[in-house]
Every structure is written in structure tokens, then in C-alpha cells.
Amino acid sequence: FGDDCSSHIQFGAYEVGVAELACIVENRQLQTAVWTALQSQNDDLEIICPTQCTAITWHESHAEIQLENGRLLDTALVVGADGVNSWVRQQANIEVSRHPYQQIGVVANFSTELPHRNVAHQWFRRDGVLALLPLPDNRVSMVWSTSEAHATELRATSPEQLCRRVEEAASHALGELQLITPPVGFPLNFVHVGSLIKPRLVLVGDAAHGIHPLAGQGVNLGLRDVRKLAEILNDRGLQSDIGDFALLRRYECARKEDILAMELVTDGLQKLFINPDPTLARLRNLGLEITNRLPLIKNQLMQHALS
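All residue numbers for the sequence shown refer to the numbering used here, where the first residue is 49 and numbers rise by one.
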């Protein structure tokens with residue numbers, strides 16, 4: 049929905065002949081599934097947890113990782129998957145460009161009076177981007193990307209007042225809401241990583257990029273990193289060195305275009321919808337309405353998202 053509360057664009061799985069456009073999985077459930085899968089692996093996998101790394105030393109043929117208990121690990125390849133403030137990335141002195149959006153993502157779960165019918169709703173409002181994402185049992189996950197002042201206000205209000213404010217902002221699309229989890233906030237930043245690789249190192253996930261959550265593509269982008277890295281390492285053929293720099297270069301070349309495109313799209317949309325200019329507001333709302341009436345363009349957008 050646009051910020052005039054009338055213009056909108058609707059995407060439906062039936063329009064492109066699929067059962068669903070996407071699946072929404074809560075973070076804790078995804079982590080539990082991954083942890084369970086790791087524990088069921090064979091003896092080739094050693095899980096060292098809990099612990100922390102204290103130092104990494106890079107060599108031409110390997111890397112050495114020092115753990116807090118004094119243990120020293122020798123490895124042919126380090127995979128940095130430790131988040132947007134990656135410690136591994138810092139140890140490799142990889143250049144990072146960081147731009148704060150001066151916004152906070154406020155997250156909370158609600159139960160809804162009306163069935164959400166597995167439909168995700170998103171409103172591009174003057175006070176930020178509000179998304180209500182469907183969960184099982186008539187629950188939704190809210191992500192409200194808004195100004196720091198507004199986020200502080202939302203988090204300080206009572207549960208009842210927060211429900212009423214979200215109901216109003218969502219045009220009462222799901223009826224009365226009941227708060228399930230207290231609201232929490234996280235700062236939103238644009239993070240561009242200068243290089244995804246260094247000798248004996250590769251970055252994936254939020255360690256490799258940081259984008260605005262308005263498109264809900266951060267996790268998907270990271271999963272595509274992992275899939276491509278696994279493909280390249282599994283298909284290395286006679287190349288026995290899993291940390292060979294030529295292999296890592298193939299990964300970086302394969303991922304850079306996708307990452308850059310998503311960075312540009314999400315950053316551009318954030319700047320477009322946060323601009324208060326009335327003329328620009330009319331144009332973006334008109335753009336939503338026109339796109340919604342052009343099936344060919346809508347289908348192309350959905351097919352791209354599905355790919």
C-alpha cells in the first residue's frame with residue numbers, strides 16, 4: 049500500500065501458477081532446524097560450541113584460529129558468517145562502507161482478530177515502512193522500519209496502545225490485535241563490503257552485505273551466498289585445495305552482481321518512499337497503481353523474485 053492509503057499493488061501465487069510465492073520462517077525455528085541437522089551429521093563434522101575466537105593468523109597455505117580455551121585450529125578455509133558486524137571480516141582488514149539510515153526496525157508478534165489467509169501486508173507510510181508477515185495460528189510478525197524518535201515512542205508505549213497504533217497504521221486490515229511478544233528494535237544500516245574474499249577467507253550472509261529490510265531479502269541473499277559457495281566447492285573437481293584463491297574468486301564473481309542489484313534496489317526504494325515531497329509522493333503512488341494494472345510487469349517481478 050502507498051502512503052495515500054488507497055494506491056496498492058497485489059502479488060498472488062496463482063498469477064504465476066505456483067503454490068506459494070514465499071515461505072516465512074521464524075528465526076528461532078530456522079536456527080533450531082539447522083542446529084538439529086548439524087548434530088545429525090557424521091563424524092566428519094566437529095561442533096565446537098560454546099566458544100569464541102580470539103585471533104586469526106593468515107598464512108599462504110592455511111589459516112590458524114586461536115580459541116579462547118587456548119586451542120589452535122588449522123584450516124584451509126575460513127568462512128565468515130558472523131553477522132553484519134563480522135569479527136572475522138575485521139581480522140582480515142576488509143574495507144566496509146557503512147551508511148546509517150537513521151531508522152530503527154521495531155519487531156513484535158501479534159495475534160489477529162481476522163484471518164491473515166497467509167498474505168503478507170506492507171504499507172509504505174510517511175512515518176516508515178510497516179510490514180505484517182503471516183505466521184501460523186493467526187499470528188503475524190510486525191516489522192516497522194521508522195525514525196529513531198518514533199521507534200522509541202512505539203517501544204515505550206503500553207501493549208494496548210501499541211496494538212491500537214498498529215491497527216490504525218494497518219488500516220484495520222486484520223481487525224483487533226493482541227501483543228504476544230514485547231517490541232524490540234535494531235538499527236538499520238546500509239553496509240557495502242569491499243571484497244567478499246581474501247586468501248583463505250570467504251564471507252557469506254550479513255558478514256558480506258547489509259541491506260534495508262523493506263524487501264525482506266536479507267536472509268534470502270545470504271542463503272544464495274551459501275548455495276553458490278557450496279556449489280563451487282563441491283564442483284572443484286581435481287582441485288583438492290578447498291581454499292584455493294581461484295575458487296574463491298569464482299564465488300565472488302558469481303555473487304557480486306546479485307548483491308549489488310539488491311543493495312541498489314533496497315537503498316533506492318528506501319530513499320524514494322522516505323522523501324516527503326508531495327509531487328514525488330503522488331508519482332510513487334501512481335507508479336504502484338499502474339504496475340498493479342499491468343499483469344506482464346507484475347509477472348516479471350514475481351518470476352524474478354521466485355528465481
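For each residue, glycine too, the CB sits at the ideal point set by N, CA and C.
Given the structure is predicted, the values throughout are model-derived calculations rather than measurements.
Inclusion of Met190 and Ala156 in the CB contact set at 7 Å is warranted, their separation being smaller than that value. The residue from Ala197, Lys276, Pro163 and Arg119 with its alpha-carbon nearest to that of Ala221 is Pro163.
In this structure, DSSP gives Asp122 an extended state, which the three-state scheme calls strand.
The beta carbon of Ser243 is closer than 6 Å to those of Ile142 in its chain, skipping five residues each way along the sequence. Put simply, the stretch 192 to 201 touches the stretch 144 to 153. At least three CB pairs are less than 8 Å apart.
Cβ contact annotation for Leu121 (same chain, cutoff 6 Å, sequence separation greater than five): Ile113, in chain order. By the CB criterion at 7 Å, Val250 and Val274 fall outside the cutoff.
Here Ile322 carries a helix assignment [DSSP, helix/strand/coil]. The continuous beta strand (DSSP E) containing Gly233 extends over residues Val232 to Val241. For Glu161, the closest alpha carbon among the candidates Ala263, Asn237, Gly223 and Pro324 is that of Gly223. As computed with DSSP, Gly128 is found in a beta bridge with Leu251. Between Val267 and the set Leu69, Glu63, Leu78 and Ser145, the nearest pair of CA atoms involves Leu78. Collapsing the DSSP output to three states places Pro184 in coil. Counting the other Cβ atoms within 10 Å of the Cβ of Thr84 gives fewer than 16, which makes it exposed. When only Cα atoms are considered, Leu342 and Ile57 end up about 10 Å apart. Residue state for Phe59 is assigned as coil, using DSSP reduced to three classes. When rounded, the separation of the alpha-carbon atoms in Phe238 and Phe172 is 19 Å.
Pairing Gln138 with Arg165, the inter-Cα distance amounts to about 44 Å. In the displayed model, Thr229 falls within coil according to three-state DSSP, outside both helix and strand.
The three-state secondary structure of Pro148, taken from DSSP, is strand. The residue from Arg146, Thr205, Ser219 and His147 with its alpha-carbon nearest to that of Ala179 is Ser219. Here Ala179 carries a strand assignment [DSSP, helix/strand/coil]. Per DSSP, the beta-bridge partners of Gln170 are Ala179.
Residue pairing from DSSP places Lys246 in a beta bridge opposite Leu249. Under the three-state reduction of DSSP, Glu112 is assigned to strand.
Thr229 and Ala81 have their C-alpha atoms roughly 22 Å apart. DSSP places Thr99 outside any alpha helix (DSSP H), giving it a letter other than H or E.
Rounded to the nearest whole angstrom, the C-alpha separation of Glu208 and Leu225 is 9 Å.
Of Lys246, Asp315 and Gly285, the smallest CA-CA separation from Gly258 is found for Asp315.
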